[in-house]
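For reference, the structure discussed in these notes is given below.
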Amino acid sequence: MHRILSSFILYCFLTFSVNIHPAISAVNSINSAYDSSPFKHMYEFDGSGGSSLMGSETVPESKDIVYLPEFNLSARLYRPIDIAANQKLPLLFYIHGGAFIIGSPFDEGNHNFLNILVSEANVVAVSIQYRLAGVCPLPCAYNDSWTALKWVASHLNGDGPEDWLNQHADFQRVFVSGDSAGANIAHQMAIKLATEEIHEGFSVAGMILCHPFFWGSELLHGETQSWSDLIAIFWGQISPNSSGIDDPWLNPSRDPNLARVGFPRLQVFVSEKDSAQLRERGWYYAQKLRESGWSGYQEVTDFQGEDHDFHMSNLTSRNSTILRNSIVTFINQEWSDTSVGMKPSRDLSNSPFYDMILMIGRRVLRTD
Ligand SMILES: *[C@@H]1O[C@H](CO)[C@@H](O)[C@H](O)[C@H]1NC(C)=O
Ligand SMILES: *[C@@H]1O[C@H](CO)[C@@H](O)[C@H](O)[C@H]1NC(C)=O
Ligand SMILES: *[C@@H]1O[C@H](CO)[C@@H](O)[C@H](O)[C@H]1NC(C)=O
Ligand SMILES: *[C@@H]1O[C@H](CO)[C@@H](O)[C@H](O)[C@H]1NC(C)=O
Ligand SMILES: *[C@@H]1O[C@H](CO)[C@@H](O)[C@H](O)[C@H]1NC(C)=O
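Read in order, the letters of the sequence shown correspond to residues -25 to -1, 1 to 343 in mature numbering (1 follows the signal peptide of the UniProt record, and there is no 0).
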């Protein structure tokens, strides 16, 4: 009984954002907020009332394709509506959250977020389905996601099964992202990139983690033992064969391969009032990554007054807009070199937009 109750509580905290479908009204409130000049699609939503995002001509095209027939697993693909034939755009590989136990790319919340992000960032996106832990415990979600990433990589030479990816995906600019449990899976993709085979020549340019679900037995600032106990029980249920809450799957600082993660740039978002107590874990991840010897670029943005996955529950709020703007900047940044450890060619701190991020963030970390 206790176990069920515990899981239910964690379920509520970690997954509420998946169930709250953002009311996409008043998108025009975005219009006046910030200078949009660097971003092609930033403020083109017409804001004409409740269905503005759905009805806007800037809403991307999307379609579902099965990438793993064995388990009937699909991915939802997105591309901007005004894309030209054979035009190459950055590719965003997106992994949804939901505490490993709920959610799918087809949920309204995830779909609306991807719609707006694809349009703003002007990217092609692949939002993947994976087997949830109730159907198959970890590592199934990791393995499925890896299968999906390999499927994406199979388009690198322009002769994969999916035409949108053959035509439009710029494989020099692949970004992997996820929220909450999806961010945990995204990190595992980076570990697999270092330790397993994928298509020759395939690389990931950057990793974008929103409120990543990591944990560990050692409590960080603001974390409570009672919550940690709940997570331990929950983790035991969804991951019965792992070694517990310090397993590298949940506590990346214990992963001997951490320094080898397969991406040169990291962007992390956390929230001050994260009710799942995941705020410090995002900071800790960035810190441990630096300490491991990994020498890439990183930034962490901490949103004051906001909760877990706030950016999914209200797409039009000021802070959600700032979060997405900063993803757009991260993806479309002109980097001086795609190799690991290089500095960005442009100093982000000179951008007026970035100053806003600094004001909001408790601290912004960077390695030069
Ligand atoms: C496969 O999954 C889709 C949703 O992703 C569902 O609509 C369909 O019924 C499933 N097919 C089978 C054979 O289970
Ligand atoms: C866990 O381990 C048992 C025994 O080795 C195995 O039968 C089972 O398939 C494993 N479960 C998962 C999810 O890997
Ligand atoms: C997951 O993948 C690993 C190799 O990456 C494999 O050893 C393991 O058996 C797989 N587990 C499942 C449940 O598919
Ligand atoms: C949003 O960001 C501002 C800083 O610009 C902050 O003061 C505020 O508390 C944040 N959160 C909410 C819920 O508005
Ligand atoms: C979303 O945020 C906007 C701007 O802060 C606010 O006006 C609106 O009421 C919010 N919507 C919901 C559903 O909370």
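Glycine is no exception: its CB is placed at the ideal position from the N, C-alpha and C atoms. In this text the structure is predicted, and so the values were computed from the model without any measurement.
| Item | Value |
| --- | --- |
| Please determine, among Ser120, Ala161, Ser288 and Tyr69, the residue with the shortest C-alpha to C-alpha distance to Phe46. | Ser120 |
| I'd like to know whether the C-beta atoms of Ser94 and Val149 end up nearer to each other than 8 Å. | no |
| Just list the residues that DSSP pairs Gln62 with in beta bridges. | Answer by DSSP bridge pairing: none, since Gln62 is not bridged. |
| In the DSSP assignment, the beta strand (DSSP E) including Cys185 goes from what residue to what residue? | Gly181 to Cys185 |
| May I ask you to check if the CB of Pro223 is nearer than 7 Å to at least one heavy atom of ligand 3? | no |
| Is Glu45 near ligand 3, judged by its Cβ being under 7 Å from some heavy atom? | no |
| Just to confirm my understanding: we take Leu194, look at its own chain, exclude 5 residues before and 5 after, and list those with CB closer than 8 Å. What are they? | Gln200 and Ser203 |
| List, from N- to C-terminal side, the alpha helix (DSSP H) runs of 4 residues or more that fit wholly inside the region 184 to 255. | 200 to 213 |
| Using a 10 Å radius around the Cβ and a threshold of 16 neighbouring Cβ atoms, would you call residue 345 buried or exposed? | Residue 345 lies beyond the range of the chain shown here (-25 to 343); nothing can be said about it. |
| Within this structure, are the beta carbons of Phe188 and Ser155 separated by less than 8 Å? | yes |
| Give the range of the alpha helix (DSSP H) segment to which Ala165 is assigned. | Ala156 to Thr170 |
| Return the chain-ordered list of same chain residues with a C-beta closer than 6 Å to the C-beta of Pro223, the five sequence neighbours on each side being excluded. | Arg229 and Asp230 |
| Within the chosen definition, does the region 242 to 255 reach the region 291 to 311 through at least 3 CB pairs nearer than 8 Å? | yes |
| Buried or exposed: where does Ala50 fall if 16 or more other Cβ atoms within 10 Å of its Cβ makes it buried? | buried |
| How many angstroms separate the CA atom of Ala261 from the CA atom of Asp282? | 20 Å |
| Over the uninterrupted beta strand (DSSP E) stretch that includes Val98, give me the two end residues. | It is not in any beta strand (DSSP E) - Val98 carries neither H nor E in the DSSP assignment. |
| Within the continuous alpha helix (DSSP H) that includes Tyr117, where are the two ends? | Cys115 to Ala128 |
| Rounded to whole angstroms, how far is the Cβ of Glu137 from the Cβ of Leu52, which I believe are closer than 8 Å? | 7 Å |
| Look at the alpha carbon of Ile40 and the alpha carbon of Ala100, and state the distance between them as a whole number of angstroms. | 13 Å |
| For Arg54, name the three-state secondary structure that DSSP assigns. | strand |
| Could you check the C-alpha separation between Val179 and His162 for me, to the nearest Å? | 12 Å |
| What is the DSSP secondary structure of Phe46, reduced to helix, strand or coil? | helix |
| Taking only the alpha-carbon atoms, compute the straight-line gap between Arg54 and Gln104 and give it to the nearest angstrom. | 18 Å |
| I'd like the list of long-range same chain contacts for Pro215, defined as Cβ closer than 6 Å, with 5 residues on each side in sequence excluded. | Pro112 |
| Nearest-angstrom Cα distance between Gly191 and Gln212? | 16 Å |
| Let me make sure I understand the geometry here. Which of Asp277, Val98 and Gly135 has the alpha-carbon closest to that of Gln308? | Val98 |
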